Amino acid sequence: MAKASARHILVKTEEECINLKNEITNGAEFGEIASQHSLCPSGKQGGALGEFGPGQMVKEFDTVVFSAPVGEVQGPVKTQFGYHLVEVTERKD
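Residue numbers (my numbering): 1 to 93.
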């Protein structure tokens with residue numbers, strides 16, 4: 001079974017999500033931005049969610065994690081929790 005590890009940043013608005021993605025694109029460190037801005041408790045660990053399999057996260061999030069290139073920041077990804085930036089850190093098939 002496939003497994004992935006990812007980190008994310010959760011914010012309330014699409015605009016904030018886009019602004020944070022621009023900061024990361026311009027050189028800011030993902031984990032630092034996560035610890036400063038993420039509404040998810042995982043922000044304290046730089047947004048790290050650990051390892052999980054398909055179906056363990058909400059559908060929109062799951063789709064990105066199991067299809068996006070490893071190491072590339074994706075988003076905004078809208079879920080019922082808000083807007084996410086997602087970075088797959090590892091994936092095993």
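Positions of the beta carbon are idealized from the N, C-alpha and C atoms, including for glycine.
Being a predicted model, the structure only gives us computed values, none of them experimental.
Simplified DSSP state of residue i, which is helix, strand or coil
i: residue 13; result: coil
i: residue 66; result: coil
i: residue 39; result: coil
i: residue 50; result: strand
CB of residue i within 7 Å of CB of residue j, strictly
i: residue 30; j: residue 87; result: yes
i: residue 133; j: residue 5; result: The displayed coordinates of the chain run from 1 to 93. Any statement about residue 133 would go beyond what the structure contains.
i: residue 47; j: residue 34; result: yes
i: residue 32; j: residue 83; result: no
Range of the contiguous beta strand (DSSP E) that encloses residue i
i: residue 76; result: 73-79
i: residue 86; result: 82-92
Subject >> Inter-stretch contact (C-beta, 8 Å, three-pair minimum) for the region 8-15 and the region 35-44 >> reply: As far as the Cβ criterion goes, the region 8-15 touches the region 35-44, which means the pair count is three or higher.
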